[in-house]
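Taking it in order: structure first as structure tokens, then the write-up.
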Amino acid sequence: MVYKHLLGVAPPPTRPGSGVTPANALDDDQRRSRHLSTRKTAVETSTPLLPVNSARVIFDGFRTTPVLDHPEGLDLDPVDGSLWCGGEAGQLFRIDLAAKSIELIDQNPGGFILGLRFTADRQVIWLDAVRRQVRRLAVGTGRPVEVLVDGAVGDHQLVYPNALDITDDGVIYVSDSEGDGQTGGGAIYRLTPDGPPEVWCPGPFHFANGVAVSPDGNWLYVAESASRAVCRVAILPDGSAGGIERLWTLGYRVPDGLAFGPDGQLYTACYYPSVILRLESDGGVTTVYEDPIGHTLSNPTNLVFVGTDALVANLGRWHITSIDMRAALS
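As numbered in numbering that gives the first Met the number 0, residues 0 to 329 make up the sequence shown, in order.
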């Protein structure tokens with residue numbers, strides 16, 4: 000999710016924006032940091048690889064009970080294939096895509112659920128940005144919801160826990176969003192199965208948002224929404240963080256979620272405009288899909304691949320989008 004005052008664009012009425020920040024703006028401290036390298040790239044303005052009709056609404060939660068109110072994070076249950084996502088009132092939803100049904104699993108009063116991912120052993124982990132919590136449910140065990148992080152990691156207060164990714168061996172990386180296009184902030188936290196949560200990379204980041212571990216496990220990619228950029232942080236052999244390397248700047252496009260596709264390529268869902276980009280290894284950027292009216296794809300946040308389809312959460316609507324990516328997968 001992107002804070003409304005960072006965008007300088009015209010999102011839906013519930014999230015008005017103001018002020019434009021240069022896409023490649025960095026503060027003086029960051030320019031001097033020996034831990035930071037920057038490679039300037041420009042987003043290509045090519046015609047999208049996929050036609051508009053490649054996307055469809057796979058689940059419409061506008062008139063369901065309960066209503067799917069503005070999902071942000073999403074992932075699939077590795078056992079039964081159901082789709083799980085959160086809501087803007089602290090809800091945790093389970094969606095049966097075949098039956099077109101939705102179920103409320105949990106609700107955290109006063110919360111707003113953002114990132115959500117499953118572990119390989121069927122634990123669903125999700126983030127509450129308002130309550131500043133990392134929450135966990137071991138699906139199918141009958142055990143209650145657990146709070147893994149509540150407001151702070153050590154003496155470091157959480158600001159806006161936003162997105163997460165999980166490695167095959169259960170290591171969780173969580174982005175904490177802070178900063179704008181000029182001033183950095185926030186952090187990346189790390190939770191391991193056998194140790195306490197820790198500040199893994201203190202940044203600074205320009206509103207760290209979506210995160211994705213590379214298929215080889217050597218890098219954590221981070222979307223920086225305020226500077227419209229994507230960077231990566233090395234995962235060193237001992238598990239610690241290396242330096243921050245900024246690889247792509249996206250012009251007026253605001254990256255939100257990140258995911259690796261079945262082709263091993265990195266994709267980002269841009270909250271504004273409603274577009275899916277592929278981030279090329281040579282520093283280029285390819286437009287994969289764009290909804291020119293922001294309806295079927297509406298302020299997309301996170302995406303997850305199911306075979307050659309990408310399922311996308313839409314913060315601007317009440318539905319889940321499916322995009323047939325076959326013609327775009329490299």
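Glycine included, C-beta positions come from ideal geometry on N, C-alpha and C.
Just so we're clear, the structure is a prediction, and the values are computed from it rather than from any experiment.
Please list, in chain order, all residues of the same chain as residue i whose beta carbon is under 6 Å from its beta carbon, the five residues on each side excluded.
i	result
residue 321	55, 57, 308, 310
residue 110	89, 127, 129, 130
residue 228	245, 248
residue 186	175, 198, 201, 202
residue 302	256, 258, 268, 309, 311
residue 145	135
residue 87	68, 69, 111
residue 95	81
residue 93	81, 83, 102, 104
residue 217	234
residue 166	212
residue 155	198
On the DSSP bridge assignment, give the partners of residue i in chain order.
i	result
residue 313	299
residue 160	175
residue 292	Residue 292 is not bridged to any residue.
residue 59	318
residue 274	269, 289
residue 51	Partner(s): none; residue 51 has no beta bridge.
residue 204	184
To which residues of the same chain is residue i closer than 7 Å at the C-beta, ignoring the five residues directly before and after it?
i	result
residue 60	66, 67, 101, 317, 318
residue 108	89
residue 151	157
residue 47	286, 287, 288, 289
residue 326	48, 49
residue 125	72, 85, 91, 112, 114, 115, 134
residue 230	221, 223, 243, 244, 245, 246
residue 52	none
residue 304	258, 260, 261
residue 159	128, 175, 176, 177
Residue i lies in the beta strand (DSSP E); which residues open and close that run?
i	result
residue 63	Note, residue 63: premise wrong, no beta strand (DSSP E); not H, not E.
residue 174	171–175
residue 190	186–190
residue 198	197–200
Using C-beta distances below 8 Å, list every residue in its chain close to residue i, excluding the 5 sequence neighbours before and after it, in chain order.
i	result
residue 269	249, 252, 253, 254, 255, 275, 276, 299
residue 211	164, 219, 220, 257, 258, 259, 265
residue 192	168, 169, 170
residue 123	74, 76, 83, 91, 115, 116, 117, 135, 136, 138
residue 328	260, 261, 262, 264, 307
residue 142	136
residue 78	121, 138, 139
residue 279	264, 285
Look up residue i in the DSSP assignment and say whether it is helix, strand or coil.
i	result
residue 280	coil
residue 321	strand
residue 328	coil
residue 308	strand
residue 10	Low local confidence applies: a pLDDT of 37 at residue 10 is under 50, so the model's placement there is unreliable, with the coordinate-based value given in what follows. The answer is coil: DSSP assigns residue 10 none of H, G, I, E or B.
Using a Cβ cut-off of 8 Å (strictly closer), state whether residue i contacts chain C.
i	result
residue 219	This model lacks chain C altogether; it includes just one protein chain.
>> Going residue by residue through the region 208–234, where are the continuous alpha helix (DSSP H) segments of at least 4 residues, counting only ones entirely within it?
In response: Listed in chain order, there is nothing to give.
> What residue ranges within the region 70–156 form continuous alpha helix (DSSP H) runs of no fewer than 4 residues, ordered along the chain?
Replying inline: Along the region 70–156, the alpha helix (DSSP H) does not occur as any fully enclosed run of 4 or more residues.
> Where in the region 238–270 do unbroken runs of the beta strand (DSSP E), each at least 3 residues long, occur, reported from the N-terminal end onward?
Replying inline: You should have 240–248, 253–259.
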